[in-house]
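Last residue of the sequence shown: number 935 in full-length UniProt numbering, and the count goes up by one each step with no gaps. For every residue, glycine included, the Cβ atom is placed at its ideal position computed from N, Cα and C. Computed from a predicted structure; not experimentally measured.
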Amino acid sequence: TKSSIGLTVCFFEPDMDESARARRQLASDLRHAVPSGELRLLYQPQRSLKTGEISGYEALLRWHHPKRGLISPTEFIPLAEETGDIFAIGDWVLQEACAEARHWPETLKVAVNLSPVQFLQDGLIERFRAILLQTGLSPNRLELEVTESAIITDKLRALHYLRQFKAMGVSVAIDDFGTGHSSLDTLHAFPFDKIKIDKSFLLRAETSHQALAIIRTVLSLGRSLSIPVLAEGVETQGQLQVLESEGCDEAQGYYFGRPAAAPSLDLPDAVNF
Ligand code: C2E
Ligand code: CA
Ligand code: CA
Ligand code: CA
């Protein structure tokens, strides 16, 4: 069976010790990742389909492990959530992303992912406010991306946090929309600034009537609630055409740009397509 950290765990087999040891080792290595400077952020453009301009960049985390090389966030974030290292990592990510975005033109936002574990932590608002102050980034240039699982665990607390972020001027997007539970309910009850349609729907948009129907439904939902919709995972011109003809507001994906290190970002005037 696959565990949440993506390692294969074989119960009652001789190599179980081996794999448990590997996991413990990785957890202990992760503890040193922040102080040792092994974490990096890459940035991927988000483009407005109405104006053709880049509206901002999503920060995506990478771990350069000294022995194992590059490790995906889908492998180490769940581990960090289990060990509690997610708090130090999350603070580092926010600090780094805000400090970086401070150098960008003021029209550009930076989007930062928040783990559900991190989102429900005490003192989150105060620490984020302090990081914004310290980096000098205007709160209205920060967008937080949260998934539904962050919301449904403790709805009252989530709503309280969302309202406080919004009062500070920070915007909040719902990520991976369409893959969780009670999506319609969540959208009504929570004041999101953006809906990000999960990339799995776009991947099948040209071949599956169902996937296309879901995209259309989310777009019409966004329109009726006046929440802009961003489609993730745009890889081809065909997919872009679908989004344009359906009136999608924003898009993100390899077609527009892969996640890239900050120094190589194409920051000045957005290139029209
Ligand atoms: P996500 O937030 O849904 O991020 C989008 C993922 O899709 C990223 O994977 C991105 O590189 C990838 N992607 C972008 N464009 C395309 C495309 O056109 N096609 C395909 N197939 N994929 C595309 P990545 O960077 O491996 O991140 C995976 C997940 O790890 C993220 O999913 C997010 O849930 C988590 N993550 C990444 N950075 C952070 C972070 O700083 N903090 C937390 N808590 N989670 C993070
Ligand atoms: Ca995201
Ligand atoms: Ca997503
Ligand atoms: Ca995801």
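Practice item. Return the residue from the list E897, R819 and C910 that minimises the CA-CA distance to R920. Key: E897
Practice item. Go ahead and label D911 buried or exposed: buried means 16 or more other beta carbons lie within 10 angstroms of its beta carbon, across all protein chains shown. Key: buried
Point to revise | E894 versus L905, H822 and R885, residue with shortest Cα-Cα distance | key: L905
Practice item. Below 6 angstroms CB to CB, which residues in the same chain sit around E868 once its five sequence neighbours on both sides are set aside? Key: G900
Practice item. Have a look at the DSSP bridge pairing and note the partners of F738. Key: Answer is none; F738 lacks a bridge partner.
**Study point:** Contact belief for W754 with V832 at Cβ below 8 angstroms, rounded distance in angstroms
**Key:** W754 to V832, Cβ: 18 angstroms. No contact.
Exercise for review: Could you name the residues of the same chain whose beta carbon sits closer than 8 angstroms to that of Q783, not counting the 5 residues immediately before and after it, in chain order?
Suggested key: F749
Check your understanding: Residues in its own chain within less than 7 angstroms of F854 by CB, not counting five upstream and five downstream?
Key -> V834, A835, I836 and I889
Exercise for review: Please confirm whether any heavy atom of ligand 2 lies closer than 7 angstroms to the CB of E720.
Suggested key: yes
Review point. Less than 7 angstroms between the CB of K858 and some heavy atom of ligand 3, yes or no?
Key: yes
Check your understanding: Rounded to whole angstroms, how far is the Cβ of I716 from the Cβ of Q706, which I believe are closer than 8 angstroms?
Key -> With 8 angstroms as the limit, I716 and Q706 do not qualify as a contact, their Cβ atoms being about 10 angstroms apart.
Check your understanding: If you check the beta carbons only, do L874 and F852 fall under 8 angstroms apart?
Key -> no
**Study point:** Residues bridged to V832 [DSSP beta-bridge criterion]
**Key:** BP columns for V832 are empty, so no partner.
Review point. Is any heavy atom of ligand 2 found at a distance shorter than 7 angstroms from the C-beta of E758?
Key: no
**Study point:** Cβ-Cβ distance between L741 and A689 below 8 angstroms
**Key:** yes
Exercise for review: Could you name the residues of the same chain whose beta carbon sits closer than 8 angstroms to that of E680, not counting the 5 residues immediately before and after it, in chain order?
Suggested key: none
Exercise for review: Kindly confirm or deny that the segment 811-818 and the segment 790-802 touch, where touching means at least three C-beta pairs closer than 8 angstroms.
Suggested key: no
Review point. Considering only C-alpha positions, which residue in the set G731, G718 and Y719 is nearest to L701?
Key: G731
Review point. What do you reckon, is the C-beta of D837 under 7 angstroms from a heavy atom of ligand 2?
Key: yes
Check your understanding: Helix, strand or coil: which one does DSSP assign to H727?
Key -> strand
Exercise for review: Go through its chain and collect everything with a Cβ distance to L846's Cβ below 8 angstroms, but skip five positions before and after it.
Suggested key: L883
Practice item. Output yes or no for whether 8 angstroms exceeds the beta carbon distance between residue 951 and E908. Key: Past the boundaries of the shown model lies residue 951; the chain is included only from 663 to 935, so the question cannot be answered.
Point to revise | Alpha-carbon to alpha-carbon, A682 and P767 | key: 47 angstroms
Exercise for review: Could you tell me whether any non-hydrogen atom of ligand 1 is closer than 7 angstroms to the CB of G900?
Suggested key: no
Check your understanding: Among A721, G840, L711 and I751, which residue has its Cα nearest to the Cα of S811?
Key -> G840
**Study point:** Euclidean distance between Cα positions of G746 and A721
**Key:** 21 angstroms
Practice item. Pick out whichever of L892, L929, A922 and G915 has its Cα sitting closest to the Cα of K712. Key: L892
Point to revise | Buried or exposed (CB count within 10 angstroms, at least 16 for buried), G798 | key: exposed
Check your understanding: Are the CB atoms of A761 and L703 nearer to each other than 8 angstroms?
Key -> no
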